[in-house]
Structures are given as C-alpha cells and as structure tokens.
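Visitor: Got a structure for you, questions after.
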Ligand SMILES: [Zn+2]
C-alpha cells in the first residue's frame, strides 16, 4: 500500500545557495579522464550547513553531541508533513490544531519549498520556526523536525533562540528540504547525515514515501 519514494533533498553543485556567512560550495575535478588521468576524482568543498543537512547539538552548545552520535531511529520511520500557511514564520497558534505528539517526526512544508530553491541567491525572508513555536515543540517532546530552507530559525529573528530551544530539548533537526512535490500527510522518512566525527552538522539525503492509512 505504499507509493514511490520521493527525493526531498536538494542537489549539491558549485555556486549553489548557502547561509550568508558560510563557505561556498565548490565541486571540482582534481583528476580528469579528459586530461589523461585514469579516473575522474572530484574534490568537494562546502560548509556542513548547506543544502539538505542536519544540525547536531554541538552546533550551538560547546559541550553538545556531534552528528555522529545521532540515533538512527531519529530519522528513519514514520513522519508527518504539515503544511504551514503563515508566510512569515511558524507560530504555536498554527501548530496547536495539528495535535503534535511526543516522539513524532515532523516536517514543515512552507512557501519556502516552491519559492526559495529557485534561485542561487540567499532568500532572506524565508519562513522559519518562531522561538515561541520552538518552545512549544520542545514541550511536546517532538523527536525530529524538518524545515524547507537553510535554518530552523530566522535570519534577522529567532535564529539563536529557536536553535537553542530545539537542540536543548534533544530534537534532531533536518534543514534544507525541498517539499514542493509532497502533499501534507503521513510518510515513511529516511534521512541519513554523513558520519562526520564530532561534527556540528552534516549533509544528508532525505526521502519520503507516502503511507496509505487503510480504514478497517
Ligand atoms: Zn541550523
């Protein structure tokens, strides 16, 4: 009763969008068959908070855990895609009716998905999780949260506060999803960040498959 897997990751390529003060992305052929080498070998240079990626507690806390310590169950299993209509930020008032439960994996589809990935320029007014909503999600004891642009918090507002509230609560964060081809509803999620020792974040591949709830 399942559909096909949907890739909700963003492709990595030279010159793609990144957070304003983060390193740019460069993917360069260091060995090249065209130049007489026996194989093509590329060098990848990028910040770990670019494209589809995950945040670890050490991103904002000096003694926090690295991404390599994330339990695999945080990002493999049932997840719920919630559509957010607010064009500015995710607020508790919009979340409450969804009755988010403890242990849930929740992915927020905002207008970012259709709007922000169209350009290599950083979109400053992306929809983010307000610090009030972050505290609400922390109280609900959500397991994992996914957002559809480069940060759970805003550029001008709630950047540090939102990260602190979520990471302090032990919530694992997926950032940089593209949910434009995903309808709200129940899914199976697989998202695996690269196993980089003690890293504050890591690029990840994320895929979803719809779960058809059969009525009995
Ligand atoms: Zn982040």
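Residue numbers (our numbering): -1 to 214.
Where a beta carbon is used, it is the ideal one built from N, C-alpha and C, also for glycine.
All values derive from a computational prediction rather than experimental measurement.
1. List the endpoints of the continuous beta strand (DSSP E) containing residue 208.
2. Residue ranges of each beta strand (DSSP E) run of no fewer than 3 residues wholly in the stretch 82 to 118, ordered along the chain?
3. Is the beta carbon of residue 114 less than 8 Å from the beta carbon of residue 121?
4. Between residue 72 and residue 141, which are expected to be in contact by the criterion C-beta below 8 Å, what is the C-beta distance as a whole number of angstroms?
5. Rounding to the nearest angstrom, what Cα-Cα distance links residue 174 and residue 144 in this structure?
6. According to DSSP, simplified to helix, strand and coil, what is residue 76?
7. Hey, out of 171, 12, 119 and 125, whose CA is closest to residue 136's CA?
8. Under the three-state reduction of DSSP, which class applies to residue -1: helix, strand or coil?
9. How big is the Cα-Cα spacing for residue -1 and residue 177?
10. Considering only the beta carbon of each residue, do residue 151 and residue 127 sit closer than 8 Å?
11. Using a Cβ-based criterion (distance less than 7 Å to any ligand heavy atom), does residue 57 qualify as near ligand 1?
12. Using 7 Å as the cut-off, classify the Cβ of residue 156 as near or not near the heavy atoms of ligand 1, replying yes or no.
13. Have a look at residue 147 and residue 36 and give me their C-alpha separation to the nearest angstrom.
14. Can the beta-carbon of residue 107 be found less than 8 Å from the beta-carbon of residue 81?
15. In the DSSP assignment, what are the bridge partners of residue 39?
16. Could you tell me whether any non-hydrogen atom of ligand 1 is closer than 7 Å to the CB of residue 146?
17. Identify whether residue 48 lies in helix, strand or coil by the three-state DSSP scheme.
Guide: So, from the data block:
1. Walking along the chain shown from the start, residue 208 turns up at place 210. Residues 199 to 209.
2. 103 to 107
3. Sequence index remark: in the chain shown, residue 114 carries index 116 (1-based). Sequence index remark: in the chain shown, residue 121 carries index 123 (1-based). Cβ atoms of residue 114 and residue 121: closer than 8 Å.
4. Sequence index remark: in the chain shown, residue 72 carries index 74 (1-based). Sequence index remark: in the chain shown, residue 141 carries index 143 (1-based). Contact flag correct, Cβ pair sits at about 6 Å.
5. For the purposes of this step, residue 174 is taken as the residue at position 176 of the chain shown. For the purposes of this step, residue 144 is taken as the residue at position 146 of the chain shown. In this structure, the alpha-carbon of residue 174 lies about 8 Å from that of residue 144.
6. By 1-based counting over the chain shown, the position of residue 76 is 78. Strand.
7. Counting from 1 along the chain shown, the entry for residue 136 is found at position 138. Considering only alpha carbons, the answer is 171.
8. As a working note, residue -1 is residue 1 in the chain shown. Here the model assigns residue -1 a pLDDT of 49, short of 50, so the residue's position is not dependable, and the following value carries that caveat. Correct three-state label for residue -1: coil.
9. Here the question's residue -1 lines up with position 1 in the chain shown. Here the question's residue 177 lines up with position 179 in the chain shown. At residue -1 the pLDDT is 49, less than 50, meaning the model places this residue with poor confidence; the figure from the coordinates comes in the next sentence. Each residue's alpha carbon lies about 22 Å from the other.
10. The sequence position of residue 151 within the chain shown is 153, counting from 1. The sequence position of residue 127 within the chain shown is 129, counting from 1. In contact: residue 151 and residue 127 (Cβ atoms closer than 8 Å).
11. For the purposes of this step, residue 57 is taken as the residue at position 59 of the chain shown. Proximity of the beta carbon of residue 57 to ligand 1 is indicated: a heavy atom of the ligand is located closer than 7 Å.
12. Indexing the chain shown from 1 puts residue 156 at position 158. Checking every heavy atom of ligand 1 against the Cβ of residue 156, none is found closer than 7 Å.
13. Reading the chain shown from its first residue, position 149 is the one you call residue 147. Reading the chain shown from its first residue, position 38 is the one you call residue 36. In a straight line, the C-alpha of residue 147 is about 39 Å away from that of residue 36.
14. Residue mapping note: residue 107 aligns to position 109 of the chain shown, counting from 1. Residue mapping note: residue 81 aligns to position 83 of the chain shown, counting from 1. Yes; because the gap between Cβ atoms is below 8 Å, this pair is in contact.
15. As a working note, residue 39 is residue 41 in the chain shown. Its beta-bridge partners are 29.
16. For this step, residue 146 is matched to residue 148 along the chain shown. Taking 7 Å as the cut-off, the C-beta of residue 146 does not count as close to any heavy atom of ligand 1.
17. Within the chain shown, the letter at position 50 stands for residue 48. If DSSP states are grouped into helix, strand and coil, residue 48 belongs with coil.
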